[in-house]
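Peer 1:
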Amino acid sequence: MPEELVLQLQGIGKSFFGTTVLRNVNLSVKPGEIHALVGENGAGKSTLMNILFGMPVIKDTGGFEGQVVFDGNAVKMESPRQAMELGIGMVHQEFMLLPGFTATENIKLNREITTKNPVSAIFGKDFEKLDIKHMREDSRAAISKLGLSIEDWVTVAGLPVGYKQFIEIAREIDKKNVKLLVLDEPTAVLTETEADKLLDAMKKLAASGIAMLFITHRLDEVLAVADNITILRDGEVVASMPRADAKVERIAEIMVGRSIERTALPKRVKEPTDDDVIVTINDLRVNMIGENVKGVDLRIRRGEILGIGGLAGHGKVGIANGVMGLFGSSGTVTKDGRTIKLNNPYEALSSKMAFVSEDRRGTGLLLEDTIELNMAMTAMQVQNRYLRPGLFNPLRLADPKAIREYALKMIEDLDIRCTGPTQQVRRLSGGNQQKVCLARAFALEPELMWVSEPTRGIDVGAKELVLDELVNLNRSLGMTIVMTSSELAELRKICDRIAIVYEGRVAGVLSPEASDVEFGMMMAGETLKGKGVKVQ
Amino acid sequence: MVGNRLETVPSQRKQGKLSGIFAQFGVPIFFTVLCVASIIVSDLDINYLIGELLSRLGRNLFIVLSLLIPVTAGIGLNFGIVVGAMSGQIALIIITFLQLKGLLGFVTAMAVSVPISVLFGYIVGSIFNKAKGREMITGMIMGFFANGVYQLLFLMLIGTLIPVNMNSPVAQQIMLSNGVGLRNTIDLSNIYYSLDNVFAKLFNWNGIIWTDSLGPWRVPLGAFFMSLLLCILITFLMKTKLGQNFRAIGQDMAIAEVSGIKVDKVRITAVIYSTVLAAWGQLIFLQNLGSLNTFNAHEQVGMFSVAALLVGGASVKRANIWNAIAGVLLFHTLFVVSPLAGQKLFGEPQIGEWFRQLISYSVIAVALAMHAIQNRKR
Amino acid sequence: MSKIENADPSLNRQRFDFATAFREFGIARIIILAFLLALFVLALVKGLDVPGLLTDSLTRIGMNGTLILAMLPAVVCGVGMNFGLPLGILCGLLGGILTINWGLVGWAGLIVSLLISIPIAVVVGLLYHAVLDRVRGEEMMVGTYLAYAAVFGMSIFWMLAPIRNPKLIYAVGGKGLRQTISMTETFGKVLNDFLQFKIGNVTVPTGLLLFWLLLCLLVYFFLRSKTGLAMLATGSNPSYATSSGINVGNMKRIGVVMSTVLGALGIIVFSQSYGFIQLYTAPQSAAFPAIAAILIGGATLRKASISNVIIGAVLFQTLLTIAPPVTQALMEGSEISEIARVMISNGMILYALTRATGGR
């Protein structure tokens, strides 16, 4: 019965530059249904939402496959405006509110009620006066529909985040024709009570007939409100079930589970143990917006590959950035018994640690400069390598020969596809750029290397190569590696141990052989609520 | 929970307001003190000062008001009004050629300046859209560039590409003797005071004479009337849909765009408004002055107007009518007083003049710096 | 992304040919070069004193070159074009005035004025950086107006300065230092005359050009040193620089100070070649032609190199030198060349402003 469905996605597929991110996604939502969409980072949720909302990104990269059927009609989603006109409302992850406007003005943004006047009769609609009274009435109605009482004529700027979220939702439901509301992790920034309030409001709205697509990481919330649950993994729908059949463990397992061939890695002469620790981290707190670390304790064994996993926003990325001094942090980090001064990248780098940033284009590379300069710069600045002899270090000239030599060696070792060491890094593909980042870190000849999201945004072949290279370094040079990744599969593939970060702390350290359920539960924070999971 | 939280919010805002008030009025207070001190030092005749201020307020307020809309629309201080001033002057030169006189001449000039300044405003706005975040410096350089085009037009092209009948008395008066290019100064006695004393002229019947004089001072009532009209217009505009669009894009272009406001178009509209108003403002200025300094009259307009607005307590993000009025009064008090103060203090009027320049440039620098610092905090 | 990867690398290699070299040099520069050649041909046809024009061009390149070079460190370290160049110029003027006041002439005068203006410029540069650092994103406007304000502040100083040297102050009437101070009796043209020689009727101001090229060479090598490269990294990506252990703030500081110092040296070289020190409002707009020149040389608001400085100085200054007499010979009235100068230099800056992307 297609006319009973608000939304039907049929066989949706999408690829960016040859990398497939969505494959044959089917999903349908009934009026008044709360449909939860869950999945790990990079599972394709945001791309799916972009398609649904007609974001220009999709059109600019060659459109998508499959069909969107809205309210019984097949529609070509071409612009956010069209989506809005159809009756799709979007509650964004970051607030789309004008800080200097009042709640009413925000709710009515670009949908203001106006009255005609003599000037507008001559010069057109733009000169119609705002009908503040009716605008306020509407906004109050929308707010009260959510079951709360917020003053509608206060400026948004000073309001707590919870309010802003509600105003955002009020704006969407004030659109008279809204039939489907997309909520993209609406509770991520809310306190627990605020989140409960929001879930209540969602139920209320559903009762009034508005369908909702609810994207979240918090599985308990899914179970609290969703009627149906769809789980995405690697761009595919891997499961779809009514709430009655769902359990947190089951969802977690499906979310992260993936056929893993853990090929036997080469053995070491001496396996790393807790007796030989290279770095000890105590109560590390990092102020990295969106990835705050709130008191991490971790011991890194000499010679191991340690994985750091966890869902986005829980702070796994913040750990390496904090230790390496790129974001404001506090706590103690000791390497080989020596305390490393925090908030100072130079200190961290000179204690024989190197960092491959997750923000490849932002932090990892000088996009406009040559491959060789990118590789040599850090070692030059920190260790005075690749410089010609001279008395005064700051004014010693670069040694083009030594730089060229190293670059050529790395281009060969890492199989970097380029026209030569003087090619601009911007012109390389993602995978080759990542290899340049690795070469930049290798140049420091570190004892401990922090690698964040080394395979993000690169194609499959390059992924393998990068992972192989990390294993190779670890085994042949005995380099300790701490790899942060959103892809659990690759952590489980090469790591000796995997620390799972939840809400800014280490929830536990698991063996790569631990079951999918254990990983899923720990990432969803279930262990913290008392359900014991074996911890290595 | 919701109710409890709300209680704390207004008080927080109140605190913000108190420091906000200080931040907002710090500059005008400083300048008031400076003006008063200069007046005392220079031992100036207050009657003379008031007379000067009345005429300068009429002369300059309109063009300063033309800066308000771009500020609201987040474009910042529109240094591009220089281009608007040029369009006003072009219109004025055209009506001088047509030998139109009095109020008719003035109104014609206003009408003629509209299509010119709309076109220029459109161009300036489009360029601003390509230089988002750098509108002010772009506007400034655009002023310099447009000055080149203006000179090309009135020094080279007029009399060559644009034919002029050199036998006509007007041409002989305003063209250079070799028939190419305009003279450095053009006499505007045809429209001199045509707006300022419009009431005195129109309402002169049955012995009831509307007078321009108020005690010892001459009041440019016409100019005041126009400025008042503009203030009403701006106030009205801000309450319309278009005004709401200006305010929205002024806060966050990305969010405005997402909610369906055509940001680029609205920005161009704002610049066009500003340019047209600047053209009219320049006309009001020149009819009061009575002569046109052909190649320099517009050069400083941007800087002076911006400085005046800032002195009145405006910022790059926020400006209102009262900032404009207070700013013109304070800035021009300083204008009148500082050479005299320099003379009294150092025996050299030039020093007062330089001091005034130093202060006005500093005000602009500080205002822009404050803006940048606030942006960074966000 | 994928397109580039799919392309055969060998194909890329083949593209390093004439066309790329041509493109690297830039259409704008080719047009200006062609225009210059046309002007020279016209000058020959009209029977103008071409050797004289060449002499003037060489002199103007040398006298403006250092001021143009001053833009380079500021752009490289990521601050952008130094619209506050007049700040450095004021330091140089102060150094020059002090030297003349002390009665130093000839080489001693030149060297001492250069040497004493350096510490002054360093201090001013440090203060200037402290301001720029706080107003990130608004550097151009704040720099411009800060410099304007400083010019007028210094104007007051020039008038009130306790200097009684008759070479410097008005003989009768007028208060304070003179508007233009002749340097013929002090160290005017010292550099120009050094090793000066003639090819045919073209006089080459060897010392002047050598001084400029020497500074260019020094800056060139500096940019290839450890600190210079750190500055470069700071300018192209501050996050990369931070993550390489570079103190980003320090690098910007060095860039701004270098730019200010070069501005100070630049005005001394300029003045000695011009033969006069110009005070008061003269430096107010000095930044714009220097910015235009380096842009014409192929720089952008965010990226510049020594070659941009040299090409820009040669093209822009030659153009400014030969355009007026040639147009004067062609048409009556020389306004057109002045108008062209205004339009070319501001047009260049305007173009660069609309092209630059990103706020940082």
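Residue numbers (the working numbering), protein chains in the order written: chain E, 1 to 536; chain U, 1 to 378; chain B, 1 to 360. We put the beta carbon where it would ideally sit given N, CA and C, even for glycine.
1. If you measure between the beta carbons of D133 of chain B and K226 of chain B, is that distance less than 9 Å?
2. What distance in whole Å lies between the Cβ atoms of S351 of chain E and R338 of chain E, which are believed to be in contact at a cut-off of 8 Å?
3. Starting from F355 of chain E, trace the beta strand (DSSP E) in both directions and tell me its first and last residue.
4. Here's the rule: buried if 16 or more other CB atoms are within 10 angstroms of the residue's CB, otherwise exposed. What is W354 of chain U?
5. Report, in whole angstroms, the separation of the C-beta atoms of L209 of chain B and L58 of chain B, which I expect to be a contact under 8 Å.
6. Have a look at the DSSP bridge pairing and note the partners of P242 of chain E.
7. In chain U, which residues lie less than 7 Å from N346 of chain B when you measure between Cβ atoms?
8. Could you name the residues of chain E that V258 of chain U contacts, counting a contact when the two beta carbons are closer than 7 Å?
9. For D264 of chain U, I'd like the list of residues in its chain whose CB is within less than 7 Å of its CB, leaving aside the five on either flank, ordered along the chain.
10. Hey, quick one: how far does the beta strand (DSSP E) through Y122 of chain U stretch, first residue to last?
11. State the Cα-Cα distance for the pair S126 of chain U and P115 of chain U, rounded to the nearest angstrom.
12. Quick one: which residues of the segment 129-148 of chain B get their C-beta closer than 8 Å to a C-beta of chain E? List them in chain order.
13. Which residues in the same chain have their Cβ closer than 6 Å to the Cβ of G281 of chain U, if we skip the five residues on either side of it in sequence?
14. What is the rounded straight-line gap between the Cα of V135 of chain B and the Cα of H371 of chain U?
15. Need the endpoints of the beta strand (DSSP E) that R285 of chain E sits in, please.
16. Quick check: what's the CA-CA separation for L315 of chain B versus G62 of chain B?
17. Given that D369 of chain E touches chain B, what residues does it touch there, using C-beta distances under 7 Å?
18. Do you know how far the Cα of G133 of chain U is from the Cα of G309 of chain E?
19. For the alpha helix (DSSP H) containing Y150 of chain U, name the first residue and the last one.
20. Please decide whether D413 of chain E counts as near chain B, where near means a Cβ-Cβ distance under 9 Å.
21. Check the Cβ of S433 of chain U against every Cβ in chain B and list those closer than 7 Å, keeping chain order.
22. May I have the straight-line CA-CA distance separating S28 of chain E from G72 of chain E, to the nearest angstrom?
23. Pull up the distance between the alpha-carbon of V2 of chain U and that of G158 of chain E, whole angstroms please.
24. Between L348 of chain U and G176 of chain B, is the Cβ-Cβ spacing less than 9 Å?
25. DSSP on S28 of chain E, reduced to helix/strand/coil?
26. With DSSP as the reference, label N197 of chain U as helix, strand or coil.
27. To the nearest angstrom, report how far apart V38 of chain E and T72 of chain U are at their CA atoms.
28. Please classify F392 of chain E as buried or exposed, where buried requires at least 16 neighbouring CB atoms within 10 angstroms.
29. If the cut is a Cβ gap below 7 Å, which residues of chain U does S155 of chain B touch?
30. If contacts are defined as beta-carbon pairs under 8 Å, then I277 of chain B and I169 of chain B qualify, I think. What distance do you get, rounded to the angstrom?
31. For the beta strand (DSSP E) that contains T180 of chain B, what are its first and last residues?
32. Output the distance between the C-alpha atoms of K344 of chain U and W158 of chain B, rounded to the nearest integer angstrom.
33. Let me check understanding here. Comparing Cα to Cα, which of E:A312, E:K341, E:I305, E:R299 lies closest to G322 of chain E?
34. Alpha carbon to alpha carbon, how far is G245 of chain B from V257 of chain B?
35. For a quick check, are the C-beta atoms of D174 of chain E and I231 of chain E less than 9 Å apart?
36. Please list the segments of the alpha helix (DSSP H) lying wholly inside the segment 32-104 of chain U, counting only runs of 4 or more residues, in order along the chain.
Peer 2: Walking through what the data contain:
1. Against a cut-off of 9 Å, the Cβ pair of K226 of chain B and D133 of chain B comes out as no contact.
2. Contact between R338 of chain E and S351 of chain E holds, with the beta-carbon distance rounding to 7 Å and staying under 8 Å.
3. Annotation: the continuous beta strand (DSSP E) that includes F355 of chain E extends over 353-356.
4. Buried is the call here.
5. 7 Å between Cβ atoms; contact.
6. Looking at the DSSP assignment, P242 of chain E forms a beta bridge with E:N228.
7. For N346 of chain B, the neighbours in chain U by C-beta distance under 7 Å run, in chain order, I141, F144, F145, G148.
8. Going along chain E in sequence order, the residues near V258 of chain U (Cβ under 7 Å) are P80, M96.
9. Non-local beta-carbon contacts of D264 of chain U in its own chain, meaning distances under 7 Å to residues more than five positions away in sequence, involve N129 in chain order.
10. Premise fails: Y122 of chain U lies in the alpha helix (DSSP H), 102-130, not in any beta strand (DSSP E).
11. Taking C-alpha positions only, S126 of chain U is separated from P115 of chain U by approximately 17 Å.
12. Residues passing the 8 Å Cβ filter: none.
13. If the five residues before and after G281 of chain U are omitted, its C-beta is found closer than 6 Å to the C-beta atoms of F62, I63, S66, all from its own chain and listed in chain order.
14. Cα to Cα, V135 of chain B sits roughly 8 Å from H371 of chain U.
15. Run containing R285 of chain E: 277-286, per the beta strand (DSSP E) assignment.
16. Answer to the nearest angstrom: the Cα atoms are 12 Å apart.
17. Ordered by position in chain B, the residues that pass the 7 Å Cβ test against D369 of chain E are S236.
18. Distance between the alpha carbons of G309 of chain E and G133 of chain U is about 39 Å.
19. Its alpha helix (DSSP H) spans residues 135-151.
20. No - not a single Cβ of chain B is within 9 Å of the one on D413 of chain E.
21. The structure shown does not extend to residue 433 of chain U, since chain U spans only 1 to 378, so no value can be given for it.
22. Separation of S28 of chain E and G72 of chain E (C-alpha to C-alpha, rounded to the nearest whole angstrom) is 11 Å.
23. The predicted model places V2 of chain U with a pLDDT of 36, which falls under 50 and marks its position as unreliable; any figure quoted below should be read in that light. Their Cα atoms are separated by approximately 14 Å.
24. As written in the sequence, residue 348 of chain U is Glu, which differs from the Leu given in the question. Contact: yes.
25. Assignment of S28 of chain E by DSSP, reduced to helix, strand and coil, places it in the strand class.
26. Per DSSP, reduced to three states, the secondary structure at N197 of chain U is coil, with no helix or strand assignment.
27. C-alpha separation (whole angstroms): 42 Å.
28. Result: exposed.
29. What S155 of chain B touches in chain U: W354.
30. Between I277 of chain B and I169 of chain B a beta carbon distance of about 13 Å is seen, past the 8 Å cut, so the two are scored as non-contacting.
31. 180-182 is the extent of the beta strand (DSSP E) around T180 of chain B.
32. Approximately 19 Å, taken between the alpha carbons.
33. Answer by Cα proximity: E:K341.
34. The C-alpha of V257 of chain B is placed about 21 Å away from the C-alpha of G245 of chain B.
35. Contact: no.
36. Within the segment 32-104 of chain U, the complete alpha helix (DSSP H) runs of at least 4 residues are 46-65, 68-72, 81-98.
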